[in-house]
Structure formats: structure tokens, C-alpha cells
Amino acid sequence: MDAALVTVGDELLAGDTENTNATWLARELSERGVDVRRVLTVPDVESAIADAVREYADRYDAVIVTGGLGGTPDDLTMDAVAAAFDRSSEANDLARADLERTLAAVAETYPDLEVDVEAEASIPAGARPLINDAGLSPGAVVENVYVLPGIPGEMQRMFEGVADEFAGDVESRTLYTTEPEANLIERLDAVRNRFGVQVGCYPDREAGHNRLKLRSDDSGALEAAADWLREEATLVDPDADTRVGERTGTDERGSADAEDAPDGR
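Sequential numbering from 108 applies to the sequence shown in my numbering.
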């Protein structure tokens, strides 16, 4: 399974807000074996959002869009996703009922809160609503596109509700070495060509080591590549100055995962 992430917001492009959503989602998806192929940030412009969704929905197994939900003038994501699929937007009964319950629950705390329930509960026609347990604006699933809030806590909570719908075959191994990156180039090329795995080298100046990340959907090739590097490179344990450093993890499906992954909001 491959996926693309689309984060929406002028504040991201201006550098006013750090794009932590993309970082978090990429890591979560990678740990589930999903191959994240694109991370794109677009402005609060309906046509730009719609174009990105239309292109990526056709190209990838899944697309996750975050940001641009709510009742402010720059919250255009739901209408843009609807446009990408040539659908109208309409208030969803389940989303409306949940929104009304939430507003009733906070009425005493926020007596002046005014929300256009019909607008807030609107999602693309025929979409599956995703209830927002941590906020107001609902999300939605339209075919292979998942629309989530931009507020990190709300986004994470909503993603957890659909996380089981994302699974892939890509596994990873992470090794650590104190050898300079320049000294590793030939061996990294060799392991890539010999075993057909993806290889990344990520320096950590503060920790004083380089992180070598191997990824593949072939478990045998992945293990063989890791074994080869154990023999050919000087590896260390990042938590103790000992030879042989590796970190892998196993999720509920029994696949190995690394501790780190790509970046973004």
C-alpha cells in the first residue's frame, strides 16, 4: 500500500506553523508498512486543494488530507475534496447530531459560542463521516481520500479511529554507526544494488552517530542486507558504546518497524 499526504494551510507555507501533522502521519503510516510516496503542502485555495486531491487519489492507494476544516473563511478543504470528485457538499446527519451534542455539552462553558451547524456538518455527498471526538469539525472518507482536521490533537485522535484501514508490506531495519557518512557511500551503494533494498543514511551530530535505515517489502532481502552491513560496517548501540547496534520494532501484525520516519505538520 502506498500513500500521499496533503497538508493544507497558508500558515504552513509561510513558516508560521511547524508541519508536525505530516511528520506524525508519515511515521504512523511507515510503522504500519505503508509506503509514503509524497508529502505536499498547499495553500488555502480551493482549486489548489482540489487539484492535489484529484491527482493523488488517482495515483496512490490512499491520500490523507489535513487542515482547512471548520467555519472560518479559509476553511475550504471539504468543498475542495467534494469538487475533486465532482460531488456537492451536504450536511451529514451523523455529523450534525454529534456536533449538536458537543455544542450542548459545552454551552455553559462557552455561552457565546456561535456555530453554523449545517455548514460545520457538511461533507462531500455520499462520504463516510469521521466523528471528531476531540473537537468540532468532522472529518470524512471519500473513496480513498481521508480528510482530517489540522489541529494535531484532533487529527491524531481521528486517525486512530481509521488506522486499521492502513496496512502494507514494507518493513524496515535501523542500524547505527559512528563511521563518517562519506566513508559509507560505497557500502551503501553495494547493499542497495546487491539486495534491492532502500537505504538511507541520516547523521545525528548531537548523538555522534549515523542512522542507517533499510526498507523493503521482501523480508528475506531485508534481513540479508542487514546481516551484510553487520559484517561490513562498524555498528554501535546508540544507548551504549558497544558494537552491534540495531533497533527494530514489531507491531500488532508482527512486522518490523523503525523508530523514525519522514517529516512534515
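By construction, the Cβ of each residue, glycine as well, lies at the ideal position given by its N, Cα and C atoms.
Self-check item: Neighbourhood of residue 163 by C-beta distance below 6 Å, restricted to the same chain and skipping five residues each side
Solution: 111 and 170
Practice problem: Report buried or exposed for residue 292, applying the criterion of at least 16 other Cβ atoms within 10 angstroms of its Cβ. | Solution: Exposed: under 16 other Cβ atoms inside 10 Å.
Quiz item: Quick one: what does DSSP say residue 194 is sitting in, helix, strand or coil?
Solution: coil
Quiz prompt | Within the stretch 270-346, ranges of the alpha helix (DSSP H) (whole runs, at least 4 residues) | solution = 288-302 and 326-339
Exercise. Name the residue from 332, 267, 342 and 324 whose alpha carbon lies nearest to the alpha carbon of residue 142.
Key: Residue 142 has its Cα closest to that of 324, out of 332, 267, 342 and 324.
Exercise. Report buried or exposed for residue 365, applying the criterion of at least 16 other Cβ atoms within 10 angstroms of its Cβ.
Key: Summary for residue 365: the model assigns pLDDT 37, below 50, so the residue's position carries little reliability, and this model does not support an answer.
Quiz item: Does DSSP classify residue 258 as helix, strand or coil?
Solution: coil
Self-check item: Of the residues 140, 322 and 148, the one placed nearest residue 121, counting alpha carbons only
Solution: 148
Quiz item: Contact between the stretch 225-239 and the stretch 187-207: three or more CB pairs below 8 Å?
Solution: yes
Quiz prompt | Rounded separation between residue 351 and residue 327 - CA only | solution = Because the pLDDT at residue 351 is just 39, under 50, the model does not fix this residue reliably, and the point stays unresolved.
Quiz item: How would you write the range of the alpha helix (DSSP H) that residue 210 sits in, first residue to last?
Solution: Note, residue 210: alpha helix (DSSP H), 200-212.
Quiz item: Using a Cβ-Cβ cut-off of 8 Å (strictly less than) and excluding sequence neighbours within five positions of residue 294, which residues of its own chain qualify?
Solution: 336, 339 and 340
Exercise. Quick one: grab the DSSP three-state call for residue 173.
Key: strand
Quiz item: If you draw a straight line from the alpha carbon of residue 300 to that of residue 242, how long is it in whole angstroms?
Solution: 48 Å
Exercise. Quick one: residues in its chain with C-beta nearer than 7 Å to the C-beta of residue 345, no 5 flanking neighbours on either side, listed in chain order?
Key: If you ignore the 5 residues before and after residue 345, its C-beta comes within less than 7 Å of the C-beta of 283, 314, 316 and 352, all in its own chain and listed in chain order.
Self-check item: Test item: CB-CB of residue 140 and residue 275 under 8 Å
Solution: yes
Exercise. State the DSSP-derived secondary structure class of residue 238, mapped to helix, strand or coil.
Key: Three-state DSSP puts residue 238 in coil, outside helix and strand.
Quiz prompt | residue 151 versus residue 254: straight-line alpha-carbon distance, rounded | solution = 15 Å
Exercise. Going by DSSP, name the residue or residues bridged to residue 148.
Key: Residue pairing by DSSP places residue 148 opposite 114 in a beta bridge.
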